[in-house]
Each structure stands twice: as C-alpha cells, then as structure tokens.
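Colleague: Quick one: structure below, then a few questions.
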Amino acid sequence: MSVGSVARPSASAALPRSEFGRAGKIAIAFLSVLGLGAMAGGLSLALKPDGSVMQFDVKLLAGSPFSDYFLPGLILFGLFGVGSLAVVALGLRHGRLAPFLAFAIGCAQMIWIVVELIVIREFSFLHPTCFAIGAIIAIAAVPWGWPILRAWRRP
6 MSVGSVARPS ASAALPRSEF GRAGKIAIAF LSVLGLGAMA GGLSLALKPD GSVMQFDVKL
66 LAGSPFSDYF LPGLILFGLF GVGSLAVVAL GLRHGRLAPF LAFAIGCAQM IWIVVELIVI
126 REFSFLHPTC FAIGAIIAIA AVPWGWPILR AWRRP
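FYI, in this note's numbering the residues of the sequence shown are 6 to 160.
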C-alpha cells in the first residue's frame with residue numbers, strides 16, 4: 006500500500022452473513038427433505054431406468070426426449086438431491102449465497118413438477134406435495150436472504 010492510500014473493506018466484507026431466523030430454518034428443513042427424497046428417488050431411477058423400483062411404466066415417457074428414467078434420475082439425484090444438500094451445508098455455515106441458491110432450487114422444483122405433469126400426463130399425490138415443498142423453499146428464502154440483498158444494494 007502506498008503512502009496516503011486508504012484501505013477499504015471489500016464489498017463482500019460489508020455484506021452480512023446469512024442468519025437463519027425462522028425463514029432460514031424453514032428453508033433448511035425443507036431443502037433437507039427435498040434433498041434426501043430426491044437422492045433416494047433419483048438413485049433408484051438411475052440404477053433401474055425401467056422405473057421398476059418406483060413402479061413407473063416407461064410408457065409414461067412417450068413423447069418426451071427420454072427413452073427411460075436414467076437421465077431424469079440423474080437430474081433428480083444431482084440437482085435436487087446433491088444440490089439441495091449442498092445448499093443446506095452452505096446455509097449451516099451461514100454462507101451469503103445460501104438463501105439465493107435456496108430460492109433457485111425452490112423455483113426449479115416447481116418448474117420440474119409442472120414440466121413432469123405436462124410430459125407424463127398423470128397425476129399423483131406427490132405432485133402437489135413436491136410442488137408445495139418447492140414453493141415453501143422459495144418463499145422462505147426471500148426473507149432469509151433479504152438482509153443480504155438490502156446490504157448488497159447499498160451504495
């Protein structure tokens with residue numbers, strides 16, 4: 006540092022760390038449920054792509070880009086399983102990005118369910134349940150991340 010220069014804190018130093026509060030705890034809890042369920046479901050679909058473990062008929066995929074459940078199983082396992090649990094770990098460490106990633110996963114979960122319904126054209130009690138889990142995660146992520154967003158937007 007040269008003479009006369011002033012050290013300024015970095016932009017990330019000015020941002021608060023994510024604090025749980027009730028909203029953060031709700032998001033973490035539902036991300037955990039989603040992550041564990043998605044890992045189990047995704048793994049069973051990837052290992053038995055004929056859908057037999059979950060009693061899914063491959064005919065449900067007719068008209069979709071998938072010939073079996075392998076790729077959907079990998080997406081389910083990776084994005085919603087591993088991804089959700091990674092956000093849980095980041096959130097437990099009070100990572101600044103955790104609320105924003107939680108919001109993204111919640112929204113992605115809702116989109117996944119809508120697209121799934123369009124593709125398979127069959128309805129199960131799991132569809133509204135999984136959609137609701139995504140909605141709860143996304144809604145809880147907003148107040149959880151709001152203090153960080155407010156601090157980030159300050160000049």
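Glycine residues also receive a C-beta, built at the ideal position from the N, C-alpha and C atoms.
Given G40, which residues of its chain have a CB within under 6 Å of its CB, disregarding the five upstream and five downstream residues?
Modeller: G86, S89 and L90
Colleague: Count the C-beta pairs between the stretch 19 to 37 and the stretch 61 to 76 that are closer than 8 Å, then say yes if the count reaches three, no if not.
Modeller: no
Colleague: Taking Cβ to Cβ, would you say A143 is nearer than 7 Å to G111?
Modeller: Against a cut-off of 7 Å, the Cβ pair of G111 and A143 comes out as a contact.
Colleague: Taking the straight line between their C-alpha atoms, what separation do you get for L154 and A146?
Modeller: 11 Å
Colleague: Under 7 Å, do I118 and F136 count as touching if we go by C-beta distance?
Modeller: yes
Colleague: Could you give the first and the last residue of the continuous alpha helix (DSSP H) run that contains V93?
Modeller: For V93, the enclosing alpha helix (DSSP H) covers residues G88 to L97.
Colleague: Using a 10 Å radius around the Cβ and a threshold of 16 neighbouring Cβ atoms, would you call V120 buried or exposed?
Modeller: exposed
Colleague: In terms of residue numbering, what span does the alpha helix (DSSP H) encompassing L66 cover?
Modeller: Per DSSP, L66 belongs to no alpha helix (DSSP H) and is neither H nor E.
Colleague: Helix, strand or coil, according to DSSP, for R159 in the structure here?
Modeller: coil
Colleague: Only counting the same chain, and skipping five residues up and downstream in sequence, which positions put a Cβ closer than 6 Å to that of A32?
Modeller: A107, I142, A145, A146 and W149
Colleague: Tell me which residues share the same chain as G101 and place their Cβ nearer than 7 Å to its Cβ, disregarding the 5 neighbours each side in the sequence.
Modeller: Note on identity: in this sequence residue 101 is Arg, with Gly being the wrong assignment. These residues qualify, in order along the chain: L20, R22, S23 and I153.
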